[in-house]
Amino acid sequence: MPELPEAQTIATYLDRNLRGKRVQAVHLLRRDFLKTGTPRQLQQLVGAELTQVSRHGKSVILHFPPRRFVIQLGMSGRVSVAAPSVPPEPHTHVVIAFAGPIEMRYANSRRIASGVHVLAGDEQGPLTLLGTDALAISVDEFIEKVIAHRTAIKATLLNQAVLAGVGNIYSDEALFRSGISPRRPANRVGPDKLRTLHQAVQQVLAEAIKIGGSTLRGSDPFAGADGSVGEFTAQHQCYGRYGQPCVQCGRTLVRATIGGRTSTFCRNCQK
Ligand SMILES: [Zn+2]
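In this text, residue positions in the sequence shown follow the working numbering: the first is 22, and each later residue adds one.
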């Protein structure tokens, strides 16, 4: 959390509200959240125009040609847009003040896989570690990439170097819809099942984007940059439903730790 749909929800919102605006100031409130580039390079964004906001996997990318500002949301990253008069939420680490005046704020209460990066020119920073985006990957490339792995299919889907953007929620949902056990080694799923899985991954991601992603209960629930709550949570058929009946066969859903994450699945429907 957040995964691709939540990152897309944020990118779309930022693009709609901040595109074309110029940076007036950048405030780095916690130095160690700047992972690539120096505070001086961060200050070079002042005066630059935001031309576009895009996304690759779970990363949100703000384009200030010739520089890019990359946000990694990690487990609990939050991005908001607010007037300067609104007090920032706790754990706000980076603020970009735009003409308007309006601010983009990045907050995160945890540090795992999170932070911001300033990239100059062709520099790729954390983006070099990412495979093809999960929404953009073709069925042939998907099969080729996945089949090369002997790890459990669940762990393979979570591997951002294989395909970027899928995390625990959407891998559980896609495997459930495809009838594939999360434990099955990736190279033993078979091309026909992988074709079904490719379609299921793209479907769950597209459905989630359409309704603003998933918001989970917890200390750091996801919210869109406008504070809205993702509606996809209500659509989860499998993720987080451990102990409840399978929506397809009625048997109790089980859970197991696979690839370091908890997976929920149906032993009867997923082979
Ligand atoms: Zn079932």
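Idealized CB from N, CA, C, for every residue including glycine.
(request) Locate the alpha helix (DSSP H) running through PHE14, then write down its first and last residues. (result) Because the chain is modelled from 22 through 292, residue 14 falls outside the range shown and cannot be assessed.
(request) Over the uninterrupted alpha helix (DSSP H) stretch that includes LEU331, give me the two end residues. (result) There is no way to answer for residue 331, as the model of the chain reaches only from 22 to 292.
(request) Label GLY264 either buried or exposed according to how many other C-beta atoms from any shown protein chain fall within 10 Å of its C-beta, with 16 as the threshold for buried. (result) exposed
(request) Rounded to whole angstroms, what's the CA-CA distance from SER101 to VAL115? Just pull it up for me. (result) 11 angstroms
(request) Answer yes or no: the CB of GLN208 versus the heavy atoms of ligand 1, is any distance below 7 angstroms? (result) Per the sequence presented here, residue 208 reads as Asn, with Gln not at that position. It does not: the Cβ of ASN208 is nowhere closer than 7 angstroms to a heavy atom of ligand 1.
(request) Whole angstroms is fine: what's the gap from LEU196's alpha carbon to LEU94's? (result) 24 angstroms
(request) Using the DSSP secondary-structure output, state which residues sit across from TYR127 in a beta bridge. (result) Bridge partners of TYR127: VAL100 and VAL115.
(request) For LYS79, count neighbouring C-beta atoms within 10 Å of its own C-beta (all shown protein chains included) and say buried if the count is 16 or more, exposed if not. (result) buried
(request) For ASP154, write down the residues that DSSP places opposite it in a beta bridge. (result) ALA185
(request) Please report how far the alpha carbon of PRO212 lies from the alpha carbon of THR153, in whole angstroms. (result) 19 angstroms
(request) Measure the alpha-carbon distance for PRO242 versus CYS267 and round it to whole angstroms. (result) Bear in mind that a pLDDT of 47 at PRO242, under 50, signals an unreliable position, so the model cannot answer this.
(request) Alpha carbon to alpha carbon, how far is VAL139 from LEU63? Give it in angstroms, no decimals. (result) 6 angstroms
(message) Using only Cβ atoms and a threshold of 6 angstroms, which residues come within that distance of a heavy atom of ligand 1? Order them by chain position.
(response) CYS267, GLN269, CYS270, ARG272, CYS287, ASN289 and CYS290
(message) Give me the residue from ARG205, ALA157 and ILE123 with the minimum Cα distance to THR172.
(response) ARG205
(request) Measuring only between beta-carbons, confirm whether LEU39 sits less than 8 angstroms from chain C. (result) Judged by its chain identifiers, the structure shown contains no chain C, having just a single protein chain.
(message) Comparing C-alpha positions only, which one of GLY186, ALA221 and MET96 sits nearest to ILE201?
(response) ALA221
(request) Taking 8 angstroms as the cut-off, decide whether the C-beta atoms of VAL91 and VAL137 are in contact. (result) Yes, they are a contact pair.
(request) Report the rounded CA-to-CA distance for GLU110 versus GLY186, giving the unit in angstroms. (result) 26 angstroms
(request) Might you give, ordered along the chain, the residues of its own chain that have their beta carbon closer than 8 angstroms to the beta carbon of ALA157, omitting 5 neighbours on each side? (result) none
(request) Report all residues from its chain with a CB closer than 7 angstroms to the CB of GLY146; omit the five preceding and five following residues, and keep chain order. (result) Cβ within range, chain order: THR57, VAL91, HIS138 and LEU140.
(request) State the beta-bridge partners of GLN73 as determined by DSSP. (result) GLN73 has HIS84 as its beta-bridge partners, per DSSP.
(message) Would PHE82 and ARG76 be called neighbours here (beta carbons separated by less than 8 angstroms)?
(response) Per the sequence shown, residue 82 should be read as Ile rather than Phe. With respect to ARG76, ILE82 sits close: the two C-beta atoms are nearer than 8 angstroms.
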